[in-house]
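Okay, so here's the structure we're looking at.
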Amino acid sequence: MNKYLTASILIGALALSACTRPDRFGAGAGAGADGLGAGAGAGAGFDQSAGIGQGGLGGAGNPNSPEYFAQSIGDRVLFSVDQSTLTSEAMATLDGQAQWLMTNSDYLAVIEGHADEQGTREYNVALGARRANAAREYLISRGVPSSRLRTISYGKERPVATCSDPSCYAQNRRAVTVIAAGALS
Amino acid sequence: MLTRTIALLLAPLVAAAALPAPALAQGGPLRITISEGVIEPLPFAVPGFQAETAGAEQLAADITRVVAQDLSGTGLFREIPSSSFISTPGSFASPVAYPDWRAINAQALITGAVAVNGDQLTVKFRLYDVFTGAELGEGLQFAGTRGGWRRMGHKVADAVYSRITGESGYFDSRVVFVSESGAKDNRARRLGIMDYDGENRQFLTDSNSLVLAPRFSPNGDRVLYTSYESGFPRINLLDVASVGRRQISTVEGEMAFSPRFSKDGGAVIYSVSTGGNTDIYRTDLNSGAHSRLTSAPSIETSPSLSPDGSRIVFESDRSGTQQIYVMSASGGEPQRISFGEGRYGSPVWSPRGDLIAFTKQNAGRFHIGVMRTDGSEERLLTSSFLDESPTWAPNGRVLMFTRETQGASGGPQVHSVDISGRNLKPVPTGGFSSDPSWGPLQQ
Chain A
0 MNKYLTASIL IGALALSACT RPDRFGAGAG AGADGLGAGA GAGAGFDQSA
50 GIGQGGLGGA GNPNSPEYFA QSIGDRVLFS VDQSTLTSEA MATLDGQAQW
100 LMTNSDYLAV IEGHADEQGT REYNVALGAR RANAAREYLI SRGVPSSRLR
150 TISYGKERPV ATCSDPSCYA QNRRAVTVIA AGALS
Chain B
0 MLTRTIALLL APLVAAAALP APALAQGGPL RITISEGVIE PLPFAVPGFQ
50 AETAGAEQLA ADITRVVAQD LSGTGLFREI PSSSFISTPG SFASPVAYPD
100 WRAINAQALI TGAVAVNGDQ LTVKFRLYDV FTGAELGEGL QFAGTRGGWR
150 RMGHKVADAV YSRITGESGY FDSRVVFVSE SGAKDNRARR LGIMDYDGEN
200 RQFLTDSNSL VLAPRFSPNG DRVLYTSYES GFPRINLLDV ASVGRRQIST
250 VEGEMAFSPR FSKDGGAVIY SVSTGGNTDI YRTDLNSGAH SRLTSAPSIE
300 TSPSLSPDGS RIVFESDRSG TQQIYVMSAS GGEPQRISFG EGRYGSPVWS
350 PRGDLIAFTK QNAGRFHIGV MRTDGSEERL LTSSFLDESP TWAPNGRVLM
400 FTRETQGASG GPQVHSVDIS GRNLKPVPTG GFSSDPSWGP LQQ
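As you go down the protein sequences, you meet chains A and B in turn. Using numbering that gives the first Met the number 0, the final residue of the first sequence is 184, and nothing's skipped along the way. Using numbering that gives the first Met the number 0, the final residue of the second sequence is 442, and nothing's skipped along the way.
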């Protein structure tokens with residue numbers, strides 16, 4: 000029992016530290032002092048040329064970093080009410096995502112589908128699955144290997160905007176492409 | 000006895016034909032028929048149960064309160080305060096002073112006694128029809144352990160409710176639900192279990208991973224729920240007594256969710272999403288054998304079996320919007336049964352078999368409603384910013400559901416309402432709560 004408990008706490012601690020490290024995906028990890036293999040594979044070329052100081056910026060300036068992907072390319076696309084059809088704006092964002100994923104071929108991506116709160120819980124899980132899949136299919140059509148793309152739906156359970164009006168609902172009806180290091184899969 | 004039996008058999012038909020609302024038959028024997036026109040709640044008196052052993056006084060008082068609260072809480076009964084009493088019974092065996100109870104218009108009188116022997120608790124009660132001056136049914140005695148004192152009160156109230164309404168009770172039952180805490184965009188969720196009245200709350204899981212929509216097994220020993228513990232939505236089976244849990248083997252797919260037990264508890268019906276398409280499947284828990292029940296490119300989810308196990312009600316957007324359908328339990332061509340304005344979801348078959356409860360979304364409002372199993376006689380019982388996920392009381396007369404308030408500080412709270420739309424109220428859960436699943440009457 001004690002052994003089991005200790006093990007769980009350790010695993011918990013590891014998971015927590017992994018989550019709170021800003022450079023958890025490895026690319027652009029400046030200090031490189033950790034033993035968890037930051038920079039495993041992905042972005043390694045950049046790491047070799049980057050100075051220690053540069054890495055400390057968190058990687059958002061590095062076009063091969065997940066932070067750059069999220070902030071500059073755009074990690075999410077939005078949908079109309081009860082729809083999973085991609086808008087032309089969404090397709091433009093996904094074109095950028097596809098290009099980045101083709102360039103950074105060591106990364107995997109999990110596409111998270113979400114719904115706004117104006118729907119029943121289980122239907123919204125299914126609707127989020129549809130949205131995540133729409134984004135995934137589009138990325139595949141642009142050349143990203145399907146083996147690198149997984150989907151998950153959170154339904155309406157993970158809103159990013161908390162008001163109860165159309166402006167917030169619009170932000171919550173989304174598919175978010177979350178980059179994960181291939182070495183972690 | 001004969002008239003009672005006939006009334007019981009007729010009750011579902013009456014419920015279907017008229018808007019069910021509680022009615023008190025005036026001038027006849029003590030009786031509430033839940034299915035007829037609206038009238039005042041039935042006044043009852045419950046003098047404090049007698050303590051028959053030294054030290055049982057507090058338990059006797061507490062159990063009396065549970066009985067009174069259960070009955071008053073239905074909205075069908077009204078307790079007469081003890082300050083109005085003209086006399087109180089000398090002992091459990093004393094003859095009833097009917098004139099004293101008639102004088103304060105008590106129509107039902109409940110007397111009881113409590114004895115404690117070590118950890119053993121004994122509760123007995125008698126129910127009297129004050130106006131006919133006769134006992135209604137025979138006195139009953141329940142024996143159990145001291146820690147189960149609330150259940151003993153619920154058992155007494157269930158017997159009283161049952162004798163007066165002709166329906167089975169629902170007070171000695173439990174509810175599993177999702178307990179929620181934290182900010183709206185970072186909410187922690189864990190499974191909780193409680194008595195039907197919100198008492199004896201306990202957690203069944205920690206809040207490290209997202210959980211959705213727990214569902215009780217038919218005999219209340221296990222719970223199915225959707226868990227993100229593995230990183231992706233999967234179906235877990237939890238044993239209530241040991242709190243042990245395991246992921247069940249489902250059809251391969253990206254997501255498995257929306258589980259419900261078969262009527263014998265030996266199989267699970269649920270949804271799997273693959274490639275953006277969601278269909279309904281069935282898996283036998285013992286053999287692990289799977290079968291596919293729907294094959295459509297649309298969303299098919301929230302399956303619920305009829306009490307005889309022959310049919311499944313579920314929701315689908317194959318018509319373009321979310322609607323309710325019924326099909327054979329083995330699959331096959333479904334019949335659409337919802338045709339009103341708006342969208343319909345989360346259908347649940349009543350344990351009586353006569354009605355289907357659902358969530359309706361129309362013109363920016365959410366409603367809990369009921370309809371007959373062919374979709375006729377739709378009635379909306381509630382209306383708010385967001386009501387959803389109904390679950391039936393074991394007697395099919397009351398629903399619990401989730402009501403969520405709007406805005407950043409809003410949150411969900413389990414509520415209950417009876418099938419006439421009366422007696423809408425929150426169930427105390429000590430914080431945000433959602434997705435109730437009402438278990439069976441305990442043995």
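Where is the CB? At the ideal position from N, CA and C, for every residue including glycine.
Comparing the C-beta of B/Gly344 with each C-beta of chain A, is any distance below 8 Å?
yes
Using CA atoms only, rank isn't needed, just tell me which of B/Arg233, B/Phe170, B/Leu135 is closest to B/Gln246.
B/Arg233
Would DSSP call B/Leu448 helix, strand or coil?
Outside the displayed span of chain B (0 to 442) sits residue 448 of chain B, for which this structure offers no information.
Scan the region 221-260 of chain B and note each continuous beta strand (DSSP E) run of 3 residues or more that stays entirely inside, going in chain order.
221-226, 233-238, 244-246, 254-260
Would you check whether the ligand FMN has a heavy atom nearer than 7 Å to the C-beta of A/Ser163?
With respect to the ligand FMN, the structure shown offers nothing to examine, as it has no ligands at all.
On a CA-only basis, which of B/Ala328, B/Ser286, B/Val239 is nearest B/Tyr280? Give me that one, please.
B/Ala328
Touch check for the region 83-95 of chain B and the region 182-189 of chain B: three-plus C-beta pairs under 8 Å?
Taking one beta carbon from each stretch, the region 83-95 of chain B and the region 182-189 of chain B have fewer than 3 pairs nearer than 8 Å; the two do not touch.
Name, please, each residue of chain A whose Cβ falls closer than 7 Å to the Cβ of B/Gly409.
Near B/Gly409 (Cβ distances below 7 Å), the residues of chain A are Ser163.
B/Arg291: buried (16+ other C-beta within 10 angstroms of its C-beta) or exposed?
exposed
Please report the Cβ distance between B/Val122 and B/Gln106, rounded to the nearest whole angstrom; I am assuming they are in contact, meaning their Cβ atoms lie under 8 Å.
About 23 Å; that fails the 8 Å criterion.
Of all the options B/Gly430, B/Arg396, B/Trp391, B/Leu423, which has the alpha carbon lying nearest to the alpha carbon of B/Gly410?
B/Gly430
Find the residues of chain C that neighbour A/Leu126, judging by a C-beta separation of less than 8 Å, and give them in chain order.
Here the protein chains are A and B, and chain C is not one of them.
Residues of chain A with a CB under 7 Å from the CB of B/Glu314: which are they?
In chain order: Tyr122.
State the Cα-Cα distance for the pair A/Phe78 and B/Asp171, rounded to the nearest angstrom.
46 Å
Using beta-carbon positions only, say whether B/Met149 and B/Val65 come within less than 8 Å of one another.
What sits at residue 149 of chain B in the sequence shown is Arg, not Met. Yes, they are a contact pair.
Which residue marks the beginning of the beta strand (DSSP E) containing B/Gln322, and which one marks its end?
322-327
Which first and last residues belong to the beta strand (DSSP E) in which B/Thr358 is found?
Segment 354-361, the beta strand (DSSP E) holding B/Thr358.
Which whole runs of the alpha helix (DSSP H) in the region 64-113 of chain A are 4 residues long or more, in chain order?
87-102
In terms of alpha-carbon separation, which member of A/Gly142, A/Ala125, A/Gln96, A/Asp105 lies closest to A/Val76?
A/Gln96
Compute the beta-carbon to beta-carbon distance between B/Tyr169 and B/Tyr195, rounded to the nearest angstrom, for a pair I have assumed lies under 8 Å.
7 Å
Could you please tell me which residues of the region 129-149 of chain A, in chain order, have their CB closer than 9 Å to any CB of chain B?
Arg129, Arg130, Ala131, Asn132, Ala133, Arg135, Glu136, Arg149
I need the DSSP call for B/Glu403, collapsed to helix, strand or coil.
strand
So for B/Ile79, helix, strand or coil by DSSP?
coil
How about A/Ala179 and A/Ile110: are their beta carbons less than 8 Å apart?
No, these two residues do not count as a Cβ contact at 8 Å.
The region 162-183 of chain B: which residues have C-beta closer than 7 Å to a C-beta of chain A, in chain order?
Lys183
Using the beta-carbon count (16 or more within 10 Å), is B/Thr277 buried or exposed?
buried
Just to confirm before moving on: does the CB-CB distance between B/Ser432 and B/Phe176 stay below 8 Å?
yes
Just checking my contact of A/Tyr63 with A/Asn103 at CB under 8 Å: how many whole Å lie between their CB atoms?
First, the amino acid is wrong: residue 63 of chain A is Asn here, not Tyr. At roughly 5 Å, the Cβ-Cβ gap stays under 8 Å, so A/Asn63 and A/Asn103 are in contact.
For B/Gly152, which residues in the same chain have their Cβ closer than 6 Å to its Cβ, ignoring the five residues on either side in sequence?
Ile62, Val65, Val66
Comparing C-alpha positions only, which one of A/Thr92, A/Asn123, A/Thr161 sits nearest to A/Val80?
A/Asn123
Mind pulling the chain A residues with CB within less than 8 Å of B/Pro405?
It is Gln, not Pro, that sits at residue 405 of chain B in the sequence shown. Result: Ser163.
Give a yes or no on whether 8 Å exceeds the smallest Cβ distance from B/Thr428 to chain A.
Chain A, which has no Cβ nearer than 8 Å to the Cβ of B/Thr428, makes this no.
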